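> Handing you this structure, nothing more for now.
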């Protein structure tokens with residue numbers, strides 16, 4: 034694949050001006066032809082988790098199932114029938130391929146996907162899913178057209194970025210954040226739908242907020258400012274049930290939800306209080322302490338809560 038590794042020009046420069054001129058839109062079509070509620074890639078009605086033409090970011094601390102969610106979205110966008118819905122919301126298939134940038138522990142991503150699909154899916158996977166493993170050819174924030182070039186070379190209209198820490202360096206710098214947003218917006222303008230995985234800032238023990246906020250996302254503010262939707266997962270690694278919080282919404286807020294990740298089957302479902310049996314099945318058993326922690330949404334259940342569980 035031939036790629037352009039020319040660094041981003043100065044703001045005043047017009048080195049990247051298109052030879053054919055600028056693609057302006059008339060005011061009437063720009064303002065009046067857009068739907069009042071964004072079309073959902075993942076969602077239904079006003080409940081839009083991933084809006085058409087806007088990036089989705091899923092962020093959390095380590096080990097809470099970001100990649101598990103993203104892989105199900107990738108398979109749904111690839112048109113695999115078993116993944117047509119996720120957490121009760123439909124996933125709209127793409128028209129072309131899904132490019133999965135497996136930059137963060139690609140072997141683990143490979144094993145996780147292998148649990149979700151089997152040999153019967155080989156032809157569909159070959160036709161609709163294409164994977165890049167390891168670091169990108171260059172820093173995608175410093176070379177903002179490279180992401181679009183990779184998607185075009187893959188014939189992809191969907192790109193899963195797993196994860197941002199591997200796509201660009203110095204994510205706390207606003208220059209990096211602005212550069213990544215430039216890369217993101219170039220890809221979106223070229224017709225690519227983006228889902229990005231990212232990490233939260235580490236928190237000190239005992240300082241975890243009851244309700245996560247967008248300020249917990251690690252790095253420059255421009256990383257989240259350019260997204261249409263931001264979803265945070267909360268909990269601790271190994272928790273049988275994690276929280277899903279829709280902290281930036283293009284339409285109505287979805288949730289908060291409680292989500293069970295069945296890592297053996299590679300599927301995620303919405304948890305309800307009556308699902309303790311399902312939690313026990315997934316974990317191979319459930320102590321009174323674990324049951325109380327799930328039921329009462331606390332890391333340290335009281336004696337009374339343990340007794341009730």
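In the working numbering, the protein residues as written are 34 to 342.
Beta carbons are placed, not taken as given, at the ideal position from N, Cα and C, and that holds for glycine.
It should be emphasised that the depicted structure is a prediction, and the values quoted were computed from it without experimental measurement.
Got a sec, what are the start and stop residues for the alpha helix (DSSP H) residue 211 sits in?
For the purposes of this step, residue 211 is taken as residue 178 along the chain shown, with counting starting at 1. 207–222 is the extent of the alpha helix (DSSP H) around residue 211.
> Sort 148, 105 and 300 by Cα distance to residue 273 and report the nearest one.
What you label residue 273 is simply residue 240 of the chain shown in a count that begins at 1. Among 148, 105 and 300, the Cα nearest to that of residue 273 belongs to 300.
> Determine the extent of the beta strand (DSSP E) in which residue 85 is found, giving its start and end residues.
Mapped onto the chain shown, residue 85 falls at position 52. From DSSP, residue 85 is part of no beta strand (DSSP E); its letter is neither H nor E.
> Buried or exposed: which applies to residue 90, given that a residue is buried once 16 or more other Cβ atoms fall within 10 Å of its Cβ?
Start at 1 with the first residue of the chain shown, and residue 90 comes out as number 57. Counting Cβ neighbours within 10 Å, residue 90 comes out buried, since at least 16 surround it.
> Can you list, in chain order, the residues of its chain whose CB lies under 7 Å from that of residue 199, leaving out five sequence neighbours each side?
Position 166 of the chain shown, counted from the start, is the residue given in the question as residue 199. Hits under 7 Å: 136, 137 and 168.
> Go through the region 161–206 residue by residue and report every complete run of the alpha helix (DSSP H) that reaches 4 residues or more, in order.
As far as the region 161–206 is concerned, its whole alpha helix (DSSP H) runs of at least 4 residues are 179–186 and 197–200.
> My parser needs the alpha helix (DSSP H) runs of 4 or more residues fully inside the region 55–105; what are they?
Whole alpha helix (DSSP H) segments, 4+ residues: 60–65.
> Assuming residue 184 contacts residue 223 under a Cβ cut-off of 8 Å, what Cβ separation, rounded to an integer in Å, is found between them?
Walking along the chain shown from the start, residue 184 turns up at place 151. Walking along the chain shown from the start, residue 223 turns up at place 190. Yes, residue 184 and residue 223 are in contact; Cβ-Cβ is about 7 Å, under 8 Å.
> Can you give the beta carbon distance from residue 174 to residue 209, rounded, assuming they're within the 8 Å contact cut?
The count along the chain shown starts at 1 and reaches residue 174 at position 141. The count along the chain shown starts at 1 and reaches residue 209 at position 176. The pair is a contact, with the Cβ atoms about 5 Å apart (cut-off 8 Å).
> Would you mind working out which of 247, 259 and 202 sits nearest residue 277, comparing C-alpha positions?
Working through the chain shown from its first residue, we reach residue 277 at position 244. The candidate whose alpha carbon is nearest that of residue 277 is 247.
> Name the DSSP bridge partner or partners of residue 290?
The count along the chain shown starts at 1 and reaches residue 290 at position 257. Residue 290 is bridged to 277.
> Please check the pair residue 80 and residue 285, which I expect to be a contact at CB under 8 Å, by giving their CB distance rounded to whole angstroms.
Within the chain shown, numbered from 1, the residue matching residue 80 stands at position 47. Within the chain shown, numbered from 1, the residue matching residue 285 stands at position 252. That pair is a contact at about 6 Å.
> Note down the Cα distance separating residue 131 from residue 99, rounded to an integer number of angstroms.
For this step, residue 131 is matched to residue 98 along the chain shown. For this step, residue 99 is matched to residue 66 along the chain shown. So the two alpha carbons sit approximately 17 Å from each other.
> Which runs of the alpha helix (DSSP H) spanning at least 4 residues fall entirely within the region 103–161, listed in chain order?
As far as the region 103–161 is concerned, its whole alpha helix (DSSP H) runs of at least 4 residues are 139–149 and 155–161.
> Excluding the 5 residues flanking residue 207 on each side, which residues of the same chain have their C-beta closer than 8 Å to its C-beta?
Numbered from its first residue, the chain shown carries residue 207 at position 174. So the qualifying residues of the chain are 253, 254 and 255.
> Take residue 14 as the anchor and find which of 196, 289 and 181 has the nearest alpha-carbon.
This structure cannot speak to residue 14, because the chain is shown only from 34 to 342.
> Below 8 Å between beta carbons: does that hold for residue 129 and residue 189?
Within the chain shown, the letter at position 96 stands for residue 129. Within the chain shown, the letter at position 156 stands for residue 189. The answer is yes: Cβ separation under 8 Å.
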